[in-house]
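Going by this note's numbering, the sequence shown opens with residue 72, and the numbers climb by one from there.
Working notes, structure below.
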Amino acid sequence: MIAILFPRFDHEAIEERYASWQSQMLLRREEGIEFTFYDAQEPASVAAGLVESDHPKRLAMRLRELLVRTPEVVAALPVSNEAGNPNQRRTPPAPYLTLRELAKVTSAMQSGSPSSERVTWDRSDPGAFLCRTAYLDGIDDPPFRAIEGREVVISHNDYAHRWIVMRAEMRNDLLPLIPTDAKSIIELGCGEGALGAAIKQRQKCRVVGVELDPRAAAIARKRIDAVYNGNVQHIVEILKEKFECIVGSERRRAAS
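Here it is in structure tokens:
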């Protein structure tokens, strides 16, 4: 039995981006498995969803086999392009921009010489991971806390794509494009307000943000003049304020 877990956010679109729709679509097509999202406040025993697979070459089963071969560890993890733990973070052997290209990359990695690494896990969010249910059932914290401070095994042959986390980025690529004489600016998808704060530091202006993630919006409110939490389309419909500059760009990377 396998649990593949992702943290739950307050909106489906955020969950989808965090877990990476490309990886989810690939895994669902290849294995027909379900992804389990957990709430930060719920016990791991409640969050853990059981997933079955019987194909030895697919990711979930491959991680389970690695876990069986490494009885000393509590969990098995794939490497990822975006990971907080440097031991888990890997650049894929070839670039990809589509699901088909991603499938080729993962297939090439799986066909390589077996390679894995045992590490003591820190407080980083591992993203997708496979954990022994005994460790999940006994804690009242979010599931990934079950592996904190414990030994895990990381498979260098298995890969999970995750979107770059941009909520806290300053966006140096956009700052030079924003007019220095603009007095009123709105940023669609402002994240934690890092770009807006940099704009306000550079010039005298009013900066308003729109952000879907309520946690990021709460941080942004401390940095810029106003933040609307919700879907951009809905917010724009009720906005009465006019702006000289509209910032709305999303940079997506296949690998870092």
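No residue lacks a Cβ here, since even glycine has one placed at the ideal position from N, Cα and C.
Same chain only: Cβ atoms within 8 Å of residue 221, ignoring 5 sequence neighbours per side: Along the sequence shown, read from residue 1 onward, the residue named residue 221 stands at position 150. If we look at residue 221 and ignore the five residues flanking it on each side, its Cβ neighbours are 144, 145, 146, 191, 192 and 206.
Residue 243 burial status per 10 Å Cβ neighbour count (16 or more: buried): Start at 1 with the first residue of the sequence shown, and residue 243 comes out as number 172. Burial call: exposed.
Contacts around residue 290, its chain only, beta-carbon distance under 6 Å, and the 5 residues preceding and following it disregarded: Start at 1 with the first residue of the sequence shown, and residue 290 comes out as number 219. The residues are 263.
Exposure label - residue 327; buried when at least 16 CB within 10 Å: Here residue 327 corresponds to residue number 256 of the sequence shown, with the count starting at 1. Legend: pLDDT at residue 327 = 28, less than 50; position of this residue unreliable, value from coordinates given subsequently. Exposed, because fewer than 16 other Cβ atoms sit within 10 Å of the Cβ of residue 327.
Assigned secondary structure, residue 231 (DSSP; H/G/I helix, E/B strand, else coil): Here residue 231 is taken as the residue at index 160 of the sequence shown, counted from 1. Here residue 231 sits in strand by DSSP.
Cβ shell of residue 309 (< 8 Å), same chain only, five flanking positions each side left out: Counting from one through the sequence shown, the residue named residue 309 turns up at place 238. None.
Limits of the unbroken alpha helix (DSSP H) element including residue 273: Indexing the sequence shown from 1 puts residue 273 at position 202. First-last of the alpha helix (DSSP H) with residue 273: 265-273.
Unbroken stretches of the alpha helix (DSSP H), 4 residues or longer, contained in the segment 178-207: none
Under 9 Å between C-beta atoms of residue 279 and residue 298: Here residue 279 is taken as the residue at index 208 of the sequence shown, counted from 1. Here residue 298 is taken as the residue at index 227 of the sequence shown, counted from 1. Yes.
Inter-stretch contact at 8 Å, needing at least 3 Cβ pairs: the segment 244-251 / the segment 152-165: no
Inter-residue spacing [alpha-carbon to alpha-carbon] between residue 269 and residue 313: As a working note, residue 269 is residue 198 in the sequence shown. As a working note, residue 313 is residue 242 in the sequence shown. Their Cα atoms are separated by approximately 21 Å.
Host beta strand (DSSP E) of residue 277 (start-end): By one-based count along the sequence shown, residue 277 stands at place 206. Start and end: 277-282.
Reference residue 164, options 275, 276, 303 and 179, closest by Cα: Numbered from its first residue, the sequence shown carries residue 164 at position 93. Nearest of 275, 276, 303 and 179 to residue 164, Cα basis: 179.
Inter-residue spacing [alpha-carbon to alpha-carbon] between residue 148 and residue 181: The count along the sequence shown starts at 1 and reaches residue 148 at position 77. The count along the sequence shown starts at 1 and reaches residue 181 at position 110. C-alpha separation (whole angstroms): 14 Å.
Under 9 Å between C-beta atoms of residue 187 and residue 151: In the sequence shown, counting from the first residue as 1, residue 187 sits at position 116. In the sequence shown, counting from the first residue as 1, residue 151 sits at position 80. No, Cβ-Cβ distance for residue 187 and residue 151 is not below 9 Å.
Opposing strand residues paired with residue 156 [DSSP bridges]: Here the question's residue 156 lines up with position 85 in the sequence shown. Answer by DSSP bridge pairing: none, since residue 156 is not bridged.
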